[in-house]
Amino acid sequence: MIKQILKISLMNLRNLPSRFGISSVVVVGIGGVVGVLVAILAMASGFESALSSGASSDRVIVLRDGATDEMASSIGPEEIALIEILPGVAAHSPELYTVVDVPKMDTGTYANLIARGVGAGAFEVRPEIEIVEGRNFVPGRTEIIAGVKAASEFRGLAVGSEVSLRDSTWQVVGHFEAAGSAYESEIWLDFPAALNAFRRFSATSLRIRLDSPADFDVLSEAIEAESRLQVQVISEPSFMEGQSVVLRQIIRSFGYAVAVIMAIGALFAALNTMYTAVSTRTIEIATLRAIGFSSVPIVISVMIEAVILALMGGALGALFSYIVFNGFTVATLNPEAFSQVAFDFNVSTEIIYLGMTWAVVIGFFGGLLPALSAAFIPITAALRGE
108 MIKQILKISL MNLRNLPSRF GISSVVVVGI GGVVGVLVAI LAMASGFESA
158 LSSGASSDRV IVLRDGATDE MASSIGPEEI ALIEILPGVA AHSPELYTVV
208 DVPKMDTGTY ANLIARGVGA GAFEVRPEIE IVEGRNFVPG RTEIIAGVKA
258 ASEFRGLAVG SEVSLRDSTW QVVGHFEAAG SAYESEIWLD FPAALNAFRR
308 FSATSLRIRL DSPADFDVLS EAIEAESRLQ VQVISEPSFM EGQSVVLRQI
358 IRSFGYAVAV IMAIGALFAA LNTMYTAVST RTIEIATLRA IGFSSVPIVI
408 SVMIEAVILA LMGGALGALF SYIVFNGFTV ATLNPEAFSQ VAFDFNVSTE
458 IIYLGMTWAV VIGFFGGLLP ALSAAFIPIT AALRGE
C-alpha cells in the first residue's frame, strides 16, 4: 500500500504544473490566511515583548495599597525614607509617572506620552538604560531625555529641541535606549524638577533593584512588619504582565477572529479547487483503480497533494509577513497605562509554526471530501466520463 501511495502521490505532484491555475487558488488563499494571522499575532507578540523585556526578576515596584497602576498610586517622602533602608534594597528610584500631550510625528495630532520623573538611582536600578545621543539631564534643571521610540514617534523630541509640557518648557538633551523595552516610549526628567513643574508633592511609585531575586520575600515581610507603611510590593515581571494583558488579549482575539473568517473562505476555495482537480482526472483515477490500485492510496494521495499546496501557501504567507512586518515599528494606545507605546512587530518561530499548522489543517479538510469522492466513484461510470 505504501508503494501505491508513493507512486500516485509522485504522479500527482509531477502533474501540478499542468494544473497551475487551479492550484494557485489554494496557494494564494491559504497564503492570505497565514499572512494575516502571522502579522496580527506578531503585533501582539511585539507589544508583549516591549513590556516584558523591560522586566527583571531582581526589580520590584512599590505602589500604594489598592493601586493597580502608577497613575492611581501615591507614596510620600516619609514612606520612601522608611523603605530605602529596608533589607534587600540595593538601589532605588522614587518616580513620578504622568501623562503629557505631545504632537505625533506623522499627523501632528496630540497623543498621550509618558513623562517619568526619576530619582538619582534610576540608572542603577535599570542598568540596561543607555544614552545613545547627547547626554543625561542635569538634576534640578528643566531638561529631559527621550526614549528612541518616543523621539521617532513624537515631534519636538530631537536633541537640542525644546518641548512644552503642561505649563513649562523643557530642553531635550539626550536620547536613550532600553533594550527594546517600553521605556523607549517614554521621556525621563529629574524627579524633584518634575514634582515642581507638575505641582505634585509625592511620588507615584518607588522602583527598587534587589540584592538578589530571593530578597523579594525579605523586603515584602519587612514592609508588612512596618505599620507606618501602607504600600504593596510587586515584582516587575508580574507588574508588566498586568500592564499588557488587556491589549494583548484584544489583539489576539481580533487576529484569531479574522483568521477564522478567512480560513473558512480558504477552506471552500480548497474544496472547490480539489474537486475541480479530481473531476478533470476522473478517468485517470478510475484507470488506476481498474488496474489494481485500492481506494485508500488514492484518498491519501489526493490529501497529500492538498496538504502540500497548503504548505506552499502557508510558507508564502509567512515569508511575506516576515519580510514586510518583522521589526516594523508602530505605536498604539495601552489602555492600562493611558499612553502611547511604540513597539516592533515580532514574527517569532512560534508564530510561524502556528501559521503553518493552520495551513495544514485547512489543506487536510480541504482535500478530505474531494479525496473520498475520487476514491469511491463507480469505476465503470468514471471510465465512461459520467
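Position in the sequence shown (first residue = 1) + 107 = our numbering. We treat Cβ as the ideally placed atom computed from N, Cα and C, and that holds for glycine. From a predicted model like this one, the values you see are computed outputs, not experimental measurements.
Verify whether the separation of the beta carbon atoms of Leu378 and Leu476 is less than 8 angstroms. yes
Whose C-beta lies closer than 6 angstroms to the C-beta of Val132 among residues of the same chain, with five residues either side of it excluded? Ala376 and Thr380
What first and last residue would you give for the alpha helix (DSSP H) that runs through Leu264? Note, Leu264: premise wrong, no alpha helix (DSSP H); not H, not E.
Pairwise C-alpha distance: Asn433 and Arg314: 32 angstroms
Would Gly93 be called buried (16 or more neighbouring beta carbons within 10 Å of its own) or exposed? Residue coverage of the chain in this structure runs from 108 to 493, which leaves residue 93 outside it and unanswerable.
For Ile203 and Leu317, I'd like the C-alpha separation in whole angstroms. Looking at the sequence itself, residue 203 is Leu, so the reference to Ile does not match. Each residue's alpha carbon lies about 20 angstroms from the other.
Top-ranked residue by Cα proximity to Val448, from Gly287, Ala482, Glu412 and Val406: Gly287
Give the range of the alpha helix (DSSP H) segment to which Glu235 is assigned. Premise fails: Glu235 is in no alpha helix (DSSP H) and is neither H nor E.
Limits of the unbroken beta strand (DSSP E) element including Val209: Val196 to Pro210
Just the Cα atoms here: how many angstroms apart are Met212 and Gly267? 17 angstroms
Closer than 7 angstroms by C-beta to Thr456: which residues in its own chain qualify, once you throw out the five before and the five after it? Chain order, please. none
Which runs of the beta strand (DSSP E) at least 3 residues long sit entirely within the stretch 325–364? Give them in chain order. 338–342
Indicate the three-state DSSP secondary structure (helix, strand or coil) for Asp322 in the structure shown. helix
Report the three-state DSSP secondary structure of Ile221 (helix, strand or coil). strand
In its own chain, which residues sit with a C-beta less than 7 angstroms from the C-beta of Leu416, not counting the 5 before and 5 after it? Ser130, Val133, Val134 and Gly470
Give the DSSP bridge partners of Gly241, in chain order. Gly281
Taking the alpha carbon of Ala198 as the point to measure from, which residue in Ile411, Ala188, Val206 and Trp277 has its own alpha carbon closest? Ala188
To which residues of the same chain is Gly138 closer than 6 angstroms at the C-beta, ignoring the five residues directly before and after it? Gly420, Leu423 and Gly424
Which of helix, strand or coil DSSP assigns to Gly139: helix
Nearest-angstrom Cα separation, counted from Val245 out to Ser181: 25 angstroms
6 angstroms CB neighbourhood of Gln356 in its chain, flanking five on each side removed: none
Residue range of the beta strand (DSSP E) that Leu296 falls in? Glu293 to Asp297
Contact under 8 angstroms by Cβ, Phe298 with Glu237: no
Counting along the chain, where does the beta strand (DSSP E) carrying Ala286 start and finish? Ala286 -> no beta strand (DSSP E), and no H or E assigned at all.
Please tell me whether Val206 has its Cβ less than 8 angstroms away from any Cβ of chain D. Judged by its chain identifiers, the structure shown contains no chain D, having just a single protein chain.
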